[in-house]
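Beneath this line is the structure, given in structure tokens, with notes to follow.
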Amino acid sequence: METTDEEHRVWESHRAYYDVYVLFEGKERISYNFLSNMEEGDYDAEGDWQQMSGQALFDLIFTPGSLLLLDPNDAHKTGLIAEEAGPIRKVVFKVKIV
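Right under this line is the structure:
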């Protein structure tokens with residue numbers, strides 16, 4: 003995956019799964035806000051994807067070895083340019099909420 007600017011990425015959250023991100027290579031910026039601060043759009047139950055719009059409360063700079071856990075109250079926009087566009091290698095684990 004290649005990091006890109008804000009206009010090419012979307013805000014999202016999930017209801018049925020936690021997201022666990024682990025970055026192996028590159029540098030990625032992740033924008034974050036609380037779901038309650040966002041304007042929610044349609045929810046895709048099959049894909050567990052909440053569409054929304056809003057502004058970042060803060061940004062995280064994700065570097066190799068970093069781990070990030072996002073729960074359903076965490077709106078996030080991933081894959082953003084940290085310093086300059088470049089490739090990243092990461093894995094996202096979906097952990098079912100029970």
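Numbering (the numbering used here) for the sequence shown: 3 to 100. Don't be surprised by glycine CBs; every beta carbon is placed ideally from N, CA and C. All values reported here derive from a predicted model rather than from experimental measurement.
May I have the straight-line CA-CA distance separating residue i from residue j, to the nearest angstrom?
{"i": "R91", "j": "F26", "result": "5 Å"}
{"i": "S15", "j": "M40", "result": "10 Å"}
{"i": "E9", "j": "V100", "result": "34 Å"}
{"i": "T65", "j": "L59", "result": "20 Å"}
With DSSP as the reference, please indicate the residues paired to residue i in a beta bridge.
{"i": "F26", "result": "Bridge partners of F26: none, in fact."}
{"i": "E42", "result": "M54"}
{"i": "I32", "result": "L62"}
{"i": "V97", "result": "Y20"}
{"i": "T6", "result": "L82"}
By the 10 Å Cβ neighbour count, where 16 or more other Cβ atoms means buried, how is residue i classified, buried or exposed?
{"i": "D61", "result": "exposed"}
{"i": "R31", "result": "buried"}
{"i": "T5", "result": "buried"}
{"i": "M54", "result": "buried"}
{"i": "S38", "result": "exposed"}
{"i": "K79", "result": "buried"}
{"i": "N75", "result": "exposed"}
Checklist entry - Which runs of the beta strand (DSSP E) fall wholly inside the stretch 63 to 94 and span at least 3 residues, in chain order? => result Within the stretch 63 to 94, the runs of beta strand (DSSP E) at least 3 residues long that lie entirely inside it are, in chain order, 69 to 72 and 76 to 82.
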